[in-house]
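Here the sequence shown is numbered in the UniProt record's numbering, starting from 1 and rising by one per residue.
Read through the structure below, which is laid out as structure tokens, and then see the notes.
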Amino acid sequence: MKEFKLFRGIRTWLPLLVLGLAAPMLHAEAVAPVVDKGDVAWMLTSTLLVLLMTVPGLALFYGGLVRSKNVLSVLMQVMTVFSLLLLLWAAYGYSLAFNGGGPFIGNFDKIFLRGVTKDTLAATFSAGVSLPEYVFVAFQATFAGITGALIVGSFAERMRFRAVLLFAALWFTFAYLPIAHMVWYGPNGYLFAKGALDFAGGTVVHINAGIAGLVGAYLVGPRLGFGREPMKPHNVTFTMIGAALLWVGWFGFNAGSNLEANSGAALAFINTLLATAAAVLAWLAVEALLRGHASMVGGASGAVAGLVGITPACGTVGPMGAIVVGVVASLCCVWGVTGLKKLLRADDALDVFGVHGIGGIVGALLTGVFTAPALGGTGAAGFSIGHQLGVQALGVGITVVWSGLVSVLSYFVVKAVFGLRVSPEAEREGLDITSHGESAYDV
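See the structure below:
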């Protein structure tokens, strides 16, 4: 690296008049990877932004939606699951997701980050441009962590703390890592090789987590009094602040997935901005039409729905396409948390499936539509919407089936080891006191 930088410095002030000298230097420049300080700074910032999404963003969003006797339990579960999965990612997750030549899972060659040093590099989307591998490891670690933390919302207010952690570890190992490898590990990942488009995690993160949440809602069972007692959010202000932090942090999530600070990141950035704004207004418009008023919870939910919907599409669709994706995702998620939720008869407490599952599916499919150049997307000449929709549907289907299967088995294992639920008495008193020995509010 030092020699390469020296060659670049010489080239700026010393004309190469002798072809015999110029040729080897040009060859060295062609094969030596470039690490740009601007890219590194952007990716470190993006990693911090994804951390901001989770702690405190997701934690506050979820915490405001539950009852006051359970708010600390949700904050604890989000922070602890995130922390646990960061460590598992470093131990073996990175090696299984982003290493090896298999189509479905990696290998253990980089277990405990073996062979990863401050001098090793990770490729980006531009030939000859790389990042320090530690940067890539850290960035992807935050994705794994927030995906597991998202699932917490489905079984909030009734699941044992130790059961939450064991489930998170099992699901991360057997569901998240294979899907991440299949979708993002090029050129060998099965869905990557098929041409599936998932710029920042529609399948890997949102559909994956949404299905795990839906399965959990069924297998853990409904909260005591569900459908008979009011279970209103205890602090909508928390939820609004959490949604705002999620929106800010999501720029790191989406634009950071470009891996470089260039026009690709700019496209993902503006798409994230516009799709979310459109989704907020769409959700509020539906509420106003159906209920006669627009709510803050609705606005916050619309923002998250738009963010989820644009996640797989943000790097390949145009800004106008992003607006359509945001609107359609928001409208579908309104149905997901109302009509579909009633049909499913599942107590998905904080609508993990209704927003992340449905929004992820809609976004993944619409990616196959609005990536078309004729619709303002970045698809190559000859791009076929029909073909791409088929590939996108394949990715959605594999994620739904695999995550569902792993989730069922993982919940049964956890039930056999610890049991899934707290006692009825503990649930009535609240998990803050019974599981953690403290209360959020002194009243």
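The beta carbon of each residue, even a glycine, is placed where N, CA and C say it ideally should be.
Boundaries of the beta strand (DSSP E) in which A381 is found, first to last residue: Where A381 is concerned, there is no enclosing beta strand (DSSP E), given that its DSSP letter is neither H nor E.
State yes or no: is the C-beta of V135 within less than 8 Å of the C-beta of M43? yes
Give me the Cα-Cα distance between A217 and L51, rounded to the nearest whole angstrom. 26 Å
Check whether the segment 63 to 75 touches the segment 237 to 247, counting contact only when three or more Cβ pairs, one atom from each stretch, lie closer than 8 Å. yes
Beta-carbon gap between V183 and A200 smaller than 8 Å: no
Quick check: what's the CA-CA separation for G213 versus A32? 45 Å
Label N107 either buried or exposed according to how many other C-beta atoms from any shown protein chain fall within 10 Å of its C-beta, with 16 as the threshold for buried. exposed
Per the contact definition of three or more C-beta pairs closer than 8 Å, is the segment 276 to 291 in contact with the segment 68 to 75? no
Less than 8 Å separating the beta-carbons of A144 and V78? Going by C-beta atoms, A144 is not nearer than 8 Å to V78.
Can you give the Cα-Cα distance for L331 and V286, rounded to whole angstroms? Distance between the alpha carbons of L331 and V286 is about 8 Å.
Cβ shell of A426 (< 6 Å), same chain only, five flanking positions each side left out: Sequence-distant partners of A426 (beyond 5 residues in either direction) whose C-beta falls short of 6 Å from its own C-beta, in its chain, are T434.
Which same chain residues, not among the five before or five after N99, have their C-beta less than 7 Å away from its C-beta? G106, N107, D109, K110
According to the neighbour-count rule (16 or more other Cβ atoms, all chains shown, within 10 Å of its Cβ), is P178 buried or exposed? buried
What is the rounded straight-line gap between the Cα of L307 and the Cα of L273? 9 Å
Among D36, R160, A180, G202, nearest to L121 - alpha-carbon criterion: D36
Only counting the same chain, and skipping five residues up and downstream in sequence, which positions put a Cβ closer than 8 Å to that of V408? V215, L219
Among residues of its own chain, excluding the 5 on either side of L60, which ones have a beta-carbon nearer than 6 Å to its beta-carbon? If we look at L60 and ignore the five residues flanking it on each side, its Cβ neighbours are F238, I241, G242.
Alpha helix (DSSP H) runs wholly inside the segment 47 to 75, at least 4 long, in chain order: 59 to 65
Taking the alpha carbon of D39 as the reference point, which residue from V204, A91, A255, N70 has its own alpha carbon closest? A255
Ignoring anything shorter than 4 residues or poking outside the segment 242 to 321, list the alpha helix (DSSP H) runs there in chain order. 263 to 291, 296 to 310
Buried or exposed: where does residue 445 fall if 16 or more other Cβ atoms within 10 Å of its Cβ makes it buried? With the chain represented from 1 up to 443, any question about residue 445 goes unanswered, as that position is not in the structure.
Assign Y265 to one of two classes, buried (16 or more other C-beta atoms within 10 Å of its C-beta) or exposed (fewer than that). Sequence check: residue 265 is Ala here, not Tyr. Counting Cβ neighbours within 10 Å, A265 comes out buried, since at least 16 surround it.
Anyone know if the C-beta pair for L49 and F251 falls short of 8 Å? yes
Count the C-beta pairs between the segment 341 to 353 and the segment 365 to 378 that are closer than 8 Å, then say yes if the count reaches three, no if not. no
For A300, verify whether its CB is less than 7 Å away from any heavy atom of the ligand MG. No copy of the ligand MG occurs in the structure displayed, which carries no ligand at all.
On a Cα-Cα basis, can you pick out the residue from A440, Y441, F412, G430 that is closest to E157? Among A440, Y441, F412, G430, the Cα nearest to that of E157 is on G430.
Three-state class that DSSP yields for A196 in the structure shown: coil
Might you give, ordered along the chain, the residues of its own chain that have their beta carbon closer than 8 Å to the beta carbon of H436, omitting 5 neighbours on each side? L72, S73, M76, F161
Look at the alpha carbon of V355 and the alpha carbon of G395, and state the distance between them as a whole number of angstroms. 18 Å
Along the chain, where does the alpha helix (DSSP H) that runs through P132 open and close? Looking at the DSSP string, P132 is not in any alpha helix (DSSP H); the run it does join, the beta strand (DSSP E), is 129 to 132.
Would you tell me roughly how many angstroms separate the C-alpha atoms of Q140 and E438, rounded to the nearest one? Those two C-alpha atoms are separated by around 33 Å.
Between E260, V324, D351, which has its C-alpha nearest G298's C-alpha? The shortest Cα separation from G298 among E260, V324, D351 belongs to D351.
Just checking my contact of S154 with A305 at CB under 8 Å: how many whole Å lie between their CB atoms? About 16 Å separates the two Cβ atoms, so there is no contact after all.
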